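In full-length UniProt numbering, the protein residues as written are 25 to 514.
Beta carbons are placed, not taken as given, at the ideal position from N, Cα and C, and that holds for glycine.
These numbers come from a predicted model, not from an experiment.
Reading through the structure tokens given below for one structure.
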Ligand code: G3H
């Protein structure tokens, strides 16, 4: 068990003796009262007082752009970041273990998440050197020479998601820091403890007040921080409802930049010319990796009527071969779902589909034993059902038969989301005819491949309600800075 009794504010690890929140793992363990979610630790429930202190520290460290950090040379900032990544790497084993216990991600995937994050930081440092080389001197008028540079924006409130509490959170936090901003970082509810071993690394690598970590229960601190009007950037990964509420709390929206990665309901489209075996294996990866708890997951599959039966049979067979197990077991594909209320919600979605004429077509689909929810293929799904509209964020695969390709295109046009799509076909002509309609509706079209974010150096964004701004290396450095000019009349 890890009991966190400290928090990082203004360059100090301060003692916490206030209220704490208990952290229960999604992994069930036998107790005298039967199987129970295991208590793995506690962390501080911060209040407005500490949040405001952290804000004051971040403001002071920024000092209207005159602080040590925003004025430090790029080389200086890079050195600090290199020190951070070195110190972070020393904590690899403990962070990976906490990640596994806190969110139930397999040990292999938790390790991947950590390593991917270290690579992301290194790539960010390289990209920054690149951006620096691009900052140029040029003549903007006769006798006037301008020097461009990328400048920070101010104080960033950074909030990450439970499904990638380290990696995806750091896709905002790292570029925000390295561009010279100062930070308030609130870790996600599921995925707080794993940041504890990194607090000293933050403290020792950056000047005081650059990184301040705030805690809270529900929404008790972040809306208040936004209401001060002193947050310059909201970097948020999670639901669009929370993002919109936070934005609305800010009194001067024109002074707030938002960098957001939000909801998605990505479709896979399997045409009658698809290689069905390939489509099935990619759809399984896309829909069920980390139990479907990914914004980039395939969350519904359109399959051409003529091949639907064969596709469904293959899909059911492939699911029956998946290996449920404890996250530390080698080779597991299905681990306990993270949020305690999720199995009941998924059951509700399945029941709604059944009430409207669909069936669970794979053996054991939708059954819930201990902390496992066995993936369900629900067929035929239509627009009346919750599973057609709602982002299930879990191991349920709605399958929709279609006759005309206009049907999935219309789905995408009507959808409030626009993150990714996967198209499966072996007909080159058909593929090229589908790229244009979809590439103008979503931010990434995958051909004969699952939906996914990576590699992390790729720009990552979405259209409509799925995102605001673009993340990942080069674009993220731009998202957390502004290009400013110094123009000199010679
Ligand atoms: O949850 C959303 C993440 O961006 C998914 O990332 O595609 O690498 O799993 P991923």
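**Prompt:** Which residue comes first and which comes last in the alpha helix (DSSP H) that contains residue 207?
**Reply:** If you number the chain shown from 1, residue 207 lands on position 183. Note, residue 207: premise wrong, no alpha helix (DSSP H); beta strand (DSSP E) at 206-210.
**Request:** Please state if the CB of residue 423 and the CB of residue 400 are separated by a distance shorter than 8 Å.
**Result:** Reading the chain shown from its first residue, position 376 is the one you call residue 400. Reading the chain shown from its first residue, position 399 is the one you call residue 423. The answer is no: Cβ separation not under 8 Å.
**Asked** residue 513 by DSSP, collapsed to three states: which one?
**Response** As a working mapping, residue 513 is identified with position 489 in the chain shown. If DSSP states are grouped into helix, strand and coil, residue 513 belongs with the strands.
**Item:** CB contact check: residue 204 to chain D, cutoff 8 Å
**Value:** As a matter of chain content, chain D is missing from the structure shown, which is built from one protein chain.
**Prompt:** Within 10 angstroms of its Cβ, does residue 192 collect 16 or more other Cβ (buried), or is it exposed?
**Reply:** As a working mapping, residue 192 is identified with position 168 in the chain shown. That one is buried.
**Message:** Taking 7 Å as the cut-off, is the beta-carbon of residue 572 closer than that to any non-hydrogen atom of the ligand G3H?
**Reply:** No statement about residue 572 is possible, as the shown extent of the chain runs from 25 to 514 and does not include it.
**Item:** Sub-8 Å separation of residue 466 and residue 445 beta-carbons
**Value:** Taking the chain shown and counting its residues from 1, one reaches residue 466 at position 442. Taking the chain shown and counting its residues from 1, one reaches residue 445 at position 421. Contact flag set, yes.
**Asked** How many Å lie between residue 14 and residue 497 at the Cα?
**Response** Only positions 25 to 514 of the chain appear in the structure, and residue 14 is not among them; the question remains open.
**Message:** With a threshold of 7 Å (Cβ to nearest heavy atom), would residue 320 be considered close to the ligand G3H?
**Reply:** The residue given as residue 320 occupies position 296 in the chain shown. Checking every heavy atom of the ligand G3H against the Cβ of residue 320, one is found closer than 7 Å.
**Asked** Closest by CA to residue 137, which one among 100, 86, 314?
**Response** As a first step, residue 137 must be located in the chain shown, where it is residue number 113. It is 314 whose Cα lies nearest to the Cα of residue 137.
**Request:** Hey, could you find the ends of the beta strand (DSSP E) residue 282 is sitting in?
**Result:** Within the chain shown, the letter at position 258 stands for residue 282. 281-285 is the span of the beta strand (DSSP E), which, as asked, contains residue 282.
**Asked** Taking DSSP as the reference, what is the three-state secondary structure of residue 340?
**Response** One-based indexing of the chain shown puts residue 340 at position 316. In the structure shown, residue 340 sits in a helix (DSSP, three-state: H, G or I).
**Message:** Taking the straight line between their C-alpha atoms, what separation do you get for residue 379 and residue 134?
**Reply:** In the chain shown, the residue the question calls residue 379 occupies position 355. In the chain shown, the residue the question calls residue 134 occupies position 110. Taking the straight line joining both Cα atoms gives about 38 Å.
**Message:** Are there any heavy atoms of the ligand G3H lying less than 7 Å away from the beta-carbon of residue 381, as far as the coordinates show?
**Reply:** Sequence index remark: in the chain shown, residue 381 carries index 357 (1-based). False, no ligand heavy atom lies under 7 Å from that Cβ.
**Prompt:** Buried or exposed: where does residue 230 fall if 16 or more other Cβ atoms within 10 Å of its Cβ makes it buried?
**Reply:** Indexing the chain shown from 1 puts residue 230 at position 206. When all chains shown are included, residue 230 counts as buried.
**Range of the contiguous beta strand (DSSP E) that encloses residue 66** = Residue numbering aside, residue 66 sits at position 42 when the chain shown is read from its first letter. That run of the beta strand (DSSP E) goes 58-68.
**Prompt:** Quick one: what's got a C-beta closer than 8 Å to residue 247's C-beta in the same chain, skipping five residues either side?
**Reply:** Mapped onto the chain shown, residue 247 falls at position 223. Only 269, 270, 273 meet the Cβ criterion.
**Asked** Assuming residue 213 contacts residue 186 under a Cβ cut-off of 8 Å, what Cβ separation, rounded to an integer in Å, is found between them?
**Response** Here residue 213 refers to the residue found at position 189 of the chain shown. Here residue 186 refers to the residue found at position 162 of the chain shown. Contact flag correct, Cβ pair sits at about 7 Å.
**Message:** Considering only DSSP beta bridges, list what residue 468 is partnered with.
**Reply:** On the chain shown, residue 468 is found 444 positions in, with the first residue counted as 1. BP columns for residue 468 point to 444.
**Request:** Pull up the distance between the alpha-carbon of residue 106 and that of residue 226, whole angstroms please.
**Result:** Looking up residue 106 in the chain shown gives position 82. Looking up residue 226 in the chain shown gives position 202. Cα to Cα, the separation comes out at about 11 Å.
**Request:** Select from 282, 260, 318, 328 the residue whose C-alpha is nearest the C-alpha of residue 293.
**Result:** Within the chain shown, the letter at position 269 stands for residue 293. It is 328 whose Cα lies nearest to the Cα of residue 293.
**Request:** Assign residue 283 to one of two classes, buried (16 or more other C-beta atoms within 10 Å of its C-beta) or exposed (fewer than that).
**Result:** Stepping through the chain shown from its first residue, residue 283 is reached at position 259. The residue in question, residue 283, is buried, as its Cβ has 16 or more Cβ neighbours within 10 Å.
**Asked** Taking the alpha helix (DSSP H) that residue 461 falls in, what are its first and last residues?
**Response** Locating residue 461 in the chain shown gives position 437, where the first residue counts as 1. Start and end: 452-463.
**Asked** Once you ignore the five residues that flank residue 494 on each side, which residues in its own chain have a CB closer than 6 Å to its CB?
**Response** Working through the chain shown from its first residue, we reach residue 494 at position 470. 483, 485.
**Request:** Specify the secondary structure class of residue 17 as computed by DSSP and reduced to three states.
**Result:** Residue 17 lies beyond the stretch modelled for the chain, which goes from 25 to 514, so this question has no answer here.
**Item:** residue 478 Cβ short of 7 Å to the ligand G3H heavy atom set
**Value:** Position 454 of the chain shown holds residue 478. Within the cutoff, so yes.
**Asked** By a C-beta neighbour count over all protein chains shown, 10 Å radius and 16 as the cutoff for buried, is residue 59 buried or exposed?
**Response** Within the chain shown, residue 59 is the residue found at index 35, counting from 1. So residue 59 counts as exposed.
**Asked** Can you find a heavy atom of the ligand ZN that lies under 7 Å from the Cβ of residue 188?
**Response** Within the structure as shown, the ligand ZN is missing, the only ligands being the ligand G3H.
**Asked** In the DSSP assignment, what residue or residues form a beta bridge with residue 236?
**Response** In the chain shown, the residue the question calls residue 236 occupies position 212. According to DSSP, residue 236 bridges with 208.
**Request:** May I ask you to check if the CB of residue 192 is nearer than 7 Å to at least one heavy atom of the ligand G3H?
**Result:** For the purposes of this step, residue 192 is taken as residue 168 along the chain shown, with counting starting at 1. Result yes, Cβ under 7 Å from the ligand G3H.
**Item:** Cβ neighbours of residue 372 in the same chain (closer than 8 Å, five flanking residues each side left out)
**Value:** As a first step, residue 372 is located in the chain shown; it is residue number 348 there, counting from the start. Same-chain partners within the cutoff: 410.
**Asked** So what's residue 231 in DSSP terms, helix, strand or just coil?
**Response** Taking the first residue of the chain shown as 1, we reach residue 231 at position 207. Residue state, collapsed to three classes: coil.
**Asked** Out of 44, 121, 204, which has the shortest C-alpha to C-alpha gap to residue 67?
**Response** As a first step, residue 67 must be located in the chain shown, where it is residue number 43. Closest by alpha carbon: 44.
**Message:** Using only CA atoms, which one of 61, 85, 402, 458 lies nearest to residue 384?
**Reply:** Position 360 of the chain shown holds residue 384. Checked all of 61, 85, 402, 458; the closest Cα to residue 384 is 402.
**Message:** With DSSP as the reference, identify every bridge partner of residue 52, one or two as the case may be.
**Reply:** Along the chain shown, read from residue 1 onward, the residue named residue 52 stands at position 28. Residue 52 pairs with 61.
**Request:** Please state if the CB of residue 324 and the CB of residue 237 are separated by a distance shorter than 8 Å.
**Result:** Taking the chain shown and counting its residues from 1, one reaches residue 237 at position 213. Taking the chain shown and counting its residues from 1, one reaches residue 324 at position 300. Not closer than 8 Å, so no.
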